[in-house]
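Undergrad: Chains as they are written, first to last, in this note's numbering: chain P, 1 to 277; chain C, 1001 to 1292.
C-beta: ideal position from N, C-alpha, C; glycine also.
Take this structure, written in structure tokens, and hold onto it; I'll ask about it next.
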Amino acid sequence: MLKKILLGASLLLLVACGEGKTKSEVIKLQGSDTILNTSQAISEEFMKENKEARIAVTGGGSGTGIAAKLNGTVHIAMASRSIKDKELEKAKEVGIDLEEIVLGFDGITVITNHDNKIENLDRAVLGKVFAGEITNWNELGGDDAEIVVLSRDSSSGTHSYFKEAIVRNGDKKSEKEYGKKTLYMPSNQAILQEVKNNKYALGYIGMGYMEDSVKALSVDNVEPSFKNVADKSYPIAREVYWYVDADRKGDAAKLVEFALSPKGQEIVKSEGFVPAK
Amino acid sequence: MNIRKTKDLFMKNSIFGIAGFNIIIVFLIFLFVFTNSMKFFTEFPMGDFFMGKEWISLSEKYGLLPLFMGSFWVTLVALGISVPLSLITAIYIAEYAKPKTREGLKVLIETMAALPSVVLGYIGLYVLSNPIKEFFGLNTGLTALTGGILLAFMSIPTMVSISEDSIRALDKSYKEASLALGANKLETIIKIILPAAFPGIFAGIMLGFGRIIGETMTVLMVTGNAPILDAGVLSPVRTLTATIAAEMGEVVQGSTHYYSLFAVGLVLFAISFATNTIADHFIHKSRKIMGK
């Protein structure tokens, strides 16, 4: 009797598994936390319009996403930095032909505590602070207190971008690093939290994470506003990307098309980024 | 009769097989970490790794020392808090508590062990870091101390339960003899019971240490992750585990950076292997004293 039940159950299980496979494939997105919410919103809207489509979105950092793409475990890698030469080499090695889709633009917002007097920093000064060459707020016209410099950890695309653009001031030959006392925070949220609590903290976050609980600094006297990123007058702005197969098909192709459509770009905008188109 | 023998033989072999399987898995994990680490050392000098004072992985500077110091400070704080607390708790539970209180406390401590480390990390980030900053007049509350306090909470359950077991496993005659000679309860505990149970207590501490050195999520969230070499208890630090966790996602597989993280993993593996061996040695010693 028991044997019969077991047999029946396993048969049912087999049938169930078989049925699962005939349904459409799950499209997987992984990567940058900066555009995680945006990609999620785009996917949800896409699934509303295409009832059959199934999409899973996970974060973990730009590098994580690109690594997953190169390992063939995801369809789309989300990235807040452009792909590195080493990663491109690896892609060639494993025979993946990647296409770079610019989803939108993100201003990186430099933030301090509301109790901090400083309102504006120049790019060069900002570079010196993050390289650990300026360590006290009084050198910037503030109180006599040590600057607590907060950076994202090295798995973040923003970390790499900020190092190239600000710490090294765009100089590719420069070997400058973040200052020795820099704190590396695991998320945008952790940076916000520390700046909120700490009068002398200075950090950077993606524009979409900006909250009223902290103060955004102007850079070179330009405010990090939507308008200023759109007309490219704000100096620390970068593209955010999706990396996909050049010869994509099925739902993945449709999703990319949707993201670049006016409707998709509207979502990009509503999530706090400047649309690509 | 014959069927019974076959059954017995079958059970014996399958149990042997399953046990052997575990050993093989541990061995394979070690082999995996080891071979990948060796690939790192073919590309990066071993001396620069162990003696290097800077860890800036994106610029190919892989110096272990700052990470090692980070783990050291966090562990020191955690042990400094958890060892005395666990010892006192274990003595109370084993010697003073009424049976009902004892059961209640044991459940409570087991619940402590079940707290997810990411939740403790949240508590550290949102509740603990600010008071620490204010109290010590620091410029940030994300320090080795903050991480150490949280890790202490994680290691206490392990230490308490093993210490308590080893105190309660002592033969009654020890205590009776001491009391009969006129020693009071406290004297008996300090001079007789604790020394006799020491191997077991020490083993508990070592296992707690293993938990502390290997913990990742909490330290990643609350220690600030700054690879500073001349750090102290009140400074932000970066531990070995947090480095692997923070960077594993980013690396290009097969790059020097990728293998460097395996080398860090190998160091961790060596530390916990040594700890477990020492703990195991003392557990055996403790069993011998008990005559079991």
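Nearest-angstrom Cα distance between GLY942(C) and ILE1024(C)?
TA: The requested residue 942(C) does not occur in the structure, where chain C is confined to residues 1001 to 1292.
Undergrad: Using the C-alpha atoms, what's the distance from ASN1022(C) back to ASN1002(C)?
TA: Translated into positions along the second sequence, residue 1002(C) becomes position 2. Translated into positions along the second sequence, residue 1022(C) becomes position 22. Cα-Cα distance, rounded: 31 Å.
Undergrad: Starting from PHE105(P), trace the beta strand (DSSP E) both ways and give me its first and last residue.
TA: On the first sequence, position 105 is the one that residue 105(P) refers to. PHE105(P) -> beta strand (DSSP E) spans 98 to 112.
Undergrad: From the DSSP secondary-structure annotation, give me the bridge partner or partners of MET185(P).
TA: Working through the first sequence from its first residue, we reach residue 185(P) at position 185. Bridge partners of MET185(P): ARG152(P).
Undergrad: What residue range does the alpha helix (DSSP H) around TYR243(P) cover?
TA: Here the question's residue 243(P) lines up with position 243 in the first sequence. Run containing TYR243(P): none in the alpha helix (DSSP H); it sits in the beta strand (DSSP E), 237 to 245.
Undergrad: What are the residues of the stretch 1071 to 1083 of chain C that lie near chain P, defined by any Cβ-Cβ distance shorter than 8 Å?
TA: The residues in question: there are none.
Undergrad: Going by C-alpha to C-alpha distance, which of GLN265(P), GLY132(P), ILE66(P) sits closest to ALA41(P)?
TA: The residue you call residue 41(P) lines up with position 41 of the first sequence. With distances taken between Cα atoms, ALA41(P) lies closest to GLN265(P).
Undergrad: Measure from the alpha carbon of ILE27(P) to the alpha carbon of each residue in PHE46(P), ILE134(P), VAL102(P), then state which is nearest.
TA: Indexing the first sequence from 1 puts residue 27(P) at position 27. Here the closest residue by C-alpha is PHE46(P).
Undergrad: What do you get for SER1014(C), buried or exposed, if any count of 16 or more other CB atoms within 10 angstroms of its CB means buried?
TA: Locating residue 1014(C) in the second sequence gives position 14, where the first residue counts as 1. The residue in question, SER1014(C), is exposed, as its Cβ has fewer than 16 Cβ neighbours within 10 Å.
Undergrad: Could you tell me which whole beta strand (DSSP E) segments of length 3 or greater appear in the stretch 1024 to 1056 of chain C?
TA: Within the stretch 1024 to 1056 of chain C, no complete beta strand (DSSP E) run reaches 3 residues.
Undergrad: Below 6 Å CB to CB, which residues in the same chain sit around ALA290(P) once its five sequence neighbours on both sides are set aside?
TA: As shown, chain P starts at 1 and ends at 277. That puts residue 290(P) outside it, with no answer to give.
Undergrad: Can you name, in chain order, every residue of its own chain whose Cβ lies under 8 Å from the Cβ of MET185(P), other than the five neighbours on each side?
TA: Translated into the one-based positions of the first sequence, residue 185(P) becomes position 185. Same-chain partners within the cutoff: LEU150, SER151, ARG152, ASP153, ILE191, GLU194, GLY203.
Undergrad: Could you check whether the Cβ of ILE1283(C) sits closer than 9 Å to any Cβ belonging to chain P?
TA: Sequence index remark: in the second sequence, residue 1283(C) carries index 283 (1-based). So no, ILE1283(C) is outside the interface.
Undergrad: Let me know if THR1075(C) comes out buried or exposed under the rule of 16 or more other beta-carbons within 10 Å of its beta-carbon.
TA: To locate residue 1075(C), count along the second sequence from 1; it is residue 75. By the neighbour-count rule (16 or more Cβ atoms within 10 Å), THR1075(C) is buried.
Undergrad: Find out if the Cβ-Cβ distance for the pair VAL148(P), ALA276(P) is shorter than 9 Å.
TA: Sequence index remark: in the first sequence, residue 148(P) carries index 148 (1-based). Sequence index remark: in the first sequence, residue 276(P) carries index 276 (1-based). No, these two residues do not count as a Cβ contact at 9 Å.
Undergrad: Does the Cβ of ILE236(P) lie closer than 8 Å to at least one heavy atom of the ligand NAP?
TA: The ligand content of the structure shown is nil, which means the ligand NAP is not present either.
Undergrad: Would you mind working out which of HIS75(P), GLY63(P), ILE83(P) sits nearest VAL57(P), comparing C-alpha positions?
TA: Mapped onto the first sequence, residue 57(P) falls at position 57. Checking every option, the nearest Cα to that of VAL57(P) belongs to HIS75(P).
Undergrad: Tell me the rounded alpha-carbon separation between ALA246(P) and LEU29(P).
TA: Position 246 of the first sequence holds residue 246(P). Position 29 of the first sequence holds residue 29(P). Those two C-alpha atoms are separated by around 16 Å.
Undergrad: Taking 9 Å as the cut-off, decide whether the C-beta atoms of LEU1207(C) and THR1241(C) are in contact.
TA: Translated into positions along the second sequence, residue 1207(C) becomes position 207. Translated into positions along the second sequence, residue 1241(C) becomes position 241. Taking 9 Å as the Cβ cut-off, LEU1207(C) and THR1241(C) do not qualify as a contacting pair.
Undergrad: Could you spell out where the alpha helix (DSSP H) holding GLY1147(C) opens and where it closes?
TA: Position 147 of the second sequence holds residue 1147(C). Where GLY1147(C) is concerned, the enclosing alpha helix (DSSP H) stretches over 1144 to 1168.
Undergrad: When burial is assigned at 16 or more other CB atoms within 10 Å of the CB, is THR1035(C) buried or exposed?
TA: On the second sequence, residue 1035(C) is found 35 positions in, with the first residue counted as 1. With fewer than 16 other Cβ atoms within 10 Å, it is exposed.
Undergrad: Would you call the CB atoms of ALA1152(C) and ALA1231(C) closer than 9 Å?
TA: Position 152 of the second sequence, counting from 1, holds the residue named residue 1152(C). Position 231 of the second sequence, counting from 1, holds the residue named residue 1231(C). The answer is no: Cβ separation not under 9 Å.
Undergrad: Within 10 angstroms of the Cβ of LYS21(P), are there 16 or more other Cβ atoms? Answer buried if so, exposed if not.
TA: The count along the first sequence starts at 1 and reaches residue 21(P) at position 21. Model confidence at LYS21(P) stands at a pLDDT of 44, short of 50, so the residue's coordinates are unreliable; what they give is reported in the following sentence. The residue is exposed, with fewer than 16 neighbouring Cβ atoms inside 10 Å.
Undergrad: For a test of the three-state rule: what should DSSP assign to GLY272(P), helix, strand or coil?
TA: The sequence position of residue 272(P) within the first sequence is 272, counting from 1. The answer is coil: DSSP assigns GLY272(P) none of H, G, I, E or B.
Undergrad: Using 10 angstroms around the beta-carbon of ARG1238(C), count the other beta-carbons present and answer buried if the total reaches 16, otherwise exposed.
TA: Here residue 1238(C) is taken as the residue at index 238 of the second sequence, counted from 1. So ARG1238(C) ends up on the buried side.
Undergrad: To the nearest angstrom, how far is it from the Cα of SER160(P) to the Cα of ILE1278(C)?
TA: Taking the first residue of the first sequence as 1, we reach residue 160(P) at position 160. Taking the first residue of the second sequence as 1, we reach residue 1278(C) at position 278. Roughly 43 Å between the two C-alpha positions.
Undergrad: What residue from GLU177(P), MET207(P), GLY250(P), ASN116(P) has the CA that sits closest to ASN188(P)'s CA?
TA: On the first sequence, residue 188(P) is found 188 positions in, with the first residue counted as 1. Checked all of GLU177(P), MET207(P), GLY250(P), ASN116(P); the closest Cα to ASN188(P) is MET207(P).
Undergrad: For GLY59(P), I'd like the list of residues in its chain whose CB is within less than 6 Å of its CB, leaving aside the five on either flank, ordered along the chain.
TA: Walking along the first sequence from the start, residue 59(P) turns up at place 59. Same-chain partners within the cutoff: ASP33, LEU36.
Undergrad: Give a yes or no on whether the minimum CB-CB distance between LEU1240(C) and chain P is below 9 Å.
TA: Stepping through the second sequence from its first residue, residue 1240(C) is reached at position 240. No, no contact with chain P.
Undergrad: Return yes when the Cβ of PRO1116(C) is within less than 9 Å of the Cβ of ILE1228(C), no when it is not.
TA: Against the second sequence, residue 1228(C) aligns to sequence position 228. Against the second sequence, residue 1116(C) aligns to sequence position 116. No, these two residues do not count as a Cβ contact at 9 Å.
Undergrad: What residues of chain C sit near ALA190(P), judged by a beta carbon separation below 8 Å?
TA: Walking along the first sequence from the start, residue 190(P) turns up at place 190. Under the 8 Å cutoff, chain C gives LEU1125, MET1221.
Undergrad: Beta-carbon of THR112(P) versus every beta-carbon of chain C: anything under 9 Å?
TA: As a working mapping, residue 112(P) is identified with position 112 in the first sequence. It does not; no Cβ of chain C falls within 9 Å.
Undergrad: Between GLY63(P) and chain C, is any beta-carbon pair separated by less than 9 Å?
TA: By 1-based counting over the first sequence, the position of residue 63(P) is 63. True, the Cβ-Cβ gap to chain C drops below 9 Å.
Undergrad: So for GLU146(P), helix, strand or coil by DSSP?
TA: The residue you call residue 146(P) lines up with position 146 of the first sequence. In this structure, GLU146(P) counts as strand in the three-state DSSP scheme.
Undergrad: State the Cα-Cα distance for the pair PHE1027(C) and VAL1033(C), rounded to the nearest angstrom.
TA: Start at 1 with the first residue of the second sequence, and residue 1027(C) comes out as number 27. Start at 1 with the first residue of the second sequence, and residue 1033(C) comes out as number 33. Those two C-alpha atoms are separated by around 10 Å.
Undergrad: In chain order, what residues of the same chain lie with their CB nearer than 7 Å to the CB of TYR1174(C), ignoring the 5 residues before and after it?
TA: Here residue 1174(C) refers to the residue found at position 174 when the second sequence is read from its first residue. The residues are ILE1192, ILE1193, ALA1196.
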